[in-house]
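The opening position of the sequence shown corresponds to residue 262 in the working numbering, with each subsequent residue numbered one higher.
Think of the CB as a built atom: it goes at the ideal place given N, C-alpha and C, for glycine as much as any other residue.
In what follows, a single structure is set out as C-alpha cells and then discussed.
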Amino acid sequence: MVEQHGNLYLENLVGRRELKDSLLRLVQTGNNVSLLLQGEEGLGKHTVARALAEILLCRQPCNSYACHKCASCNYFHAQSHPDYVELTLQAGQKQITMEQLRNFTDEQVNLQPLLGSRRVFLLELYAVSPQAQNLLLKTLESGAAGNFYILLANNLTQVLPTVQSRTQIFNLPHLSQEDLQQFTATLPADGRQDAAELKRLAEFSQGNPGFYLQLLHDEAFLRYYNDLQEIFLRALKCSPALLLSEILTELGAYKDKDKQPYLWRIWSFFLYKTSLRRPSCRPVFIAWQKCVARLQANGSFEIQMQAFLPELAKVL
262 MVEQHGNLYL ENLVGRRELK DSLLRLVQTG NNVSLLLQGE EGLGKHTVAR ALAEILLCRQ
322 PCNSYACHKC ASCNYFHAQS HPDYVELTLQ AGQKQITMEQ LRNFTDEQVN LQPLLGSRRV
382 FLLELYAVSP QAQNLLLKTL ESGAAGNFYI LLANNLTQVL PTVQSRTQIF NLPHLSQEDL
442 QQFTATLPAD GRQDAAELKR LAEFSQGNPG FYLQLLHDEA FLRYYNDLQE IFLRALKCSP
502 ALLLSEILTE LGAYKDKDKQ PYLWRIWSFF LYKTSLRRPS CRPVFIAWQK CVARLQANGS
562 FEIQMQAFLP ELAKVL
C-alpha cells in the first residue's frame, strides 16, 4: 500500500491531536534530534513526516506551523528543497542497499544547510536490514549538529534496540470512526458508495486511512464482503456435517490466489468481532490466524479449510 507524496499540511491532517501537539512542542524546542515515527502500513507515516519536515525547514513559521509561502516552503512543495533528503525504496527495490546507506552516512549527512540552519532527512527504516542499521548508529549519535532525522518503521520489531535508544519514539495511532468520517468528507465524491457502504468500509478499515482508501477504490471488495458475510452467518448456524460440505464448497469460490486475500481479511474481521461478543470464539479466531498463515505460505486451500472448519464447529 503506497502512502502518497502530496503537499498535505500538519494543521490540516485529520485527528491525532495529541501526536500533532507533541511534534509541535518538539519543533518549538529548536533542537535537532532523531525521531522515530512508527505505525502500521497505511497510517500515513510519510504524510506526517513530510508535513513535519516542511515546518522544520520553514523560514517564516506562523503559530508553530509552516507558512507555506516562503522560499523554503516553495522549494519543499516543488520537491526540490536542497536541505531535505529522502532515503526511500526505489522502484523494484525490496530493501535499501548497503551502498545507498553508505552514501547517506558518508556524504549526505555531512553537507551544510544551504537555505537555513538545518537539514532534514527522512529514512524508511523498515526497508533497512538490521546489519545495515548498524551503519546508522554513529550518524544518529554524533552526526552534524544541524541535522534532523525522521525515521519510519511499521513496528518496533524492525528497529534495532541500539537505534531505538538513540531516537525519540512517536506512535502513529489509528483514526477514530469519527475521524474517518471527517477524512471521508475531504475526499472527492465519486457517487459509487452510499452512506451505509462508507460506514461499513470505515469500520472494516479499523481506523487505517490508507487501507480505507484502498477499499474505496476496490470495486470487488463490497461484493466479496457481502457474499462472505452471508457464508459466515450461515456457517455459525450449520451442523458440523454441513460445514464440511456446503460451507466448504461455497468457500471454494475463494480458492484462487487473487481472491484468497479477501477471504483472509474479511473472515478475520468477522471472527475478531464475534470473539469480542463471544469469548468462547477466541480460540477459533486464533485457529483462523494460523490457517491464514499457512495459506500465505502456499498451503493447500482444501486441507487448510478442512482443518479449520471443525474448529468453528466446536463453538457452535
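How many angstroms separate the CA atom of residue i from the CA atom of residue j?
i: N335; j: P391; result: 36 Å
i: K575; j: L532; result: 14 Å
i: H329; j: L304; result: 24 Å
i: I564; j: F493; result: 19 Å
i: N416; j: S341; result: 30 Å
i: F382; j: A502; result: 59 Å
i: E264; j: F472; result: With a pLDDT of 42 at E264, under the threshold of 50, the modelled position of that residue is not reliable, and the figure given next carries that caveat. One C-alpha to the other measures close to 10 Å.
i: W549; j: C542; result: 11 Å
i: Q299; j: E507; result: 44 Å
i: I430; j: K551; result: 31 Å
i: E511; j: A554; result: 21 Å
i: R278; j: G513; result: 45 Å
i: M262; j: S403; result: Low confidence applies here, because M262 scores a pLDDT of 35, under 50, leaving its location unreliable; read the following figure in that light. Going by the C-alpha atoms only, they are around 34 Å apart.
i: I411; j: C499; result: 52 Å
i: D479; j: G560; result: 26 Å
i: L578; j: F337; result: Because the chain is modelled from 262 through 577, residue 578 falls outside the range shown and cannot be assessed.
i: M566; j: S529; result: 14 Å
i: Q425; j: L297; result: 8 Å
i: T418; j: L280; result: 21 Å
i: S466; j: V275; result: 16 Å
i: Q356; j: E302; result: 16 Å
i: P540; j: Q443; result: 33 Å
i: D455; j: R538; result: 28 Å
i: Q373; j: Q354; result: 29 Å
i: E360; j: P470; result: 34 Å
i: Q321; j: A457; result: 44 Å
i: A339; j: R380; result: 17 Å
i: P449; j: D282; result: 28 Å
Report all residues from its chain with a CB closer than 6 Å to the CB of residue i; omit the five preceding and five following residues, and keep chain order.
i: R286; result: none
i: A414; result: Q299, L386, Y387, V420
i: A327; result: E315, I316, C319, C334
i: L401; result: S295, R427
i: L284; result: L313
i: L573; result: V545
i: F581; result: With the chain running from 262 to 577 in the structure shown, residue 581 is simply not present.
Excluding five sequence neighbours on each side, which residues of the same chain lie with their C-beta closer than 7 Å to the C-beta of residue i?
i: G267; result: With a pLDDT of only 46 at G267, under the threshold of 50, the placement of this residue in the model should not be trusted; the figure read from the coordinates follows. Here the set comprises nothing.
i: G468; result: H435, L436, S437, L441
i: S378; result: G407
i: T535; result: C542
i: F546; result: L532, Y533, S536
i: F569; result: A548, W549, C552
i: K518; result: none
i: I527; result: Y485, Y486, L489
i: T423; result: L398
Among the options, which has the Cα closest to the Cα of residue i?
i: A352; options: A388, L317, P343; result: A388
i: N395; options: L375, V420, Y410, L376; result: V420
i: G291; options: A339, L348, A456, F409; result: F409
i: A481; options: Q443, Q521, R539; result: Q521
i: R427; options: V294, Y486, D282; result: V294
i: A558; options: K460, E491, W525; result: W525
i: L384; options: Y515, Q425, P422, F365; result: F365
i: Y485; options: K516, P470, T418, K281; result: K516
i: P571; options: P470, T358, R461, L509; result: L509
i: L556; options: R539, Y523, P540; result: Y523
i: P343; options: P422, V370, Q354; result: V370
i: C323; options: R539, E368, Q443, E272; result: E272
i: K399; options: P374, D367, L372; result: D367
Tell me, to the nearest whole angstrom, how far the beta carbon of residue i is from that of residue j; I am working on the premise that it is less than 8 Å.
i: L489; j: A496; result: Not confirmed; about 10 Å, so no contact.
i: A312; j: Y345; result: Not really, about 12 Å apart at Cβ, beyond 8 Å.
i: Q289; j: S325; result: 6 Å
i: T445; j: L459; result: 6 Å
i: V309; j: L433; result: 6 Å
Suppose the cutoff is 8 Å on Cβ atoms and the five residues either side in sequence are ignored; what does the same chain contact list for residue i look like?
i: L362; result: L348, V389, A393, L396, L397
i: E464; result: Q438
i: R461; result: L483, Y486
i: L350; result: Q356, I357, E385, A388
Could one say the Cβ of residue i lies closer than 7 Å to chain B's Cβ atoms, at least one of them?
i: R539; result: Protein chain content of the structure displayed is limited to a single chain, and chain B is not contained in it.
Let me check you understand the geometry: is the CB of residue i closer than 6 Å to at least one non-hydrogen atom of the ligand NAD?
i: R311; result: For the structure depicted, the ligand NAD is absent and the ligand set is empty, with no information on it obtainable.
Practice task
Identify every run of the alpha helix (DSSP H) within the region 492-575, keeping only runs that are complete inside it and at least 4 residues long; order them along the chain.
Solution key: 509-512, 521-538, 543-557, 562-574
Handout entry: Residue ranges of each alpha helix (DSSP H) within the region 404-452, 4 or longer
Key = 422-425, 438-446
Practice task
Let me know the beta strand (DSSP E) ranges lying completely inside the region 262-331, each 3 residues or longer, listed in chain order.
Solution key: 295-299
Exercise for the section: Ignoring anything shorter than 3 residues or poking outside the region 330-358, list the beta strand (DSSP E) runs there in chain order. Expected result: 345-348
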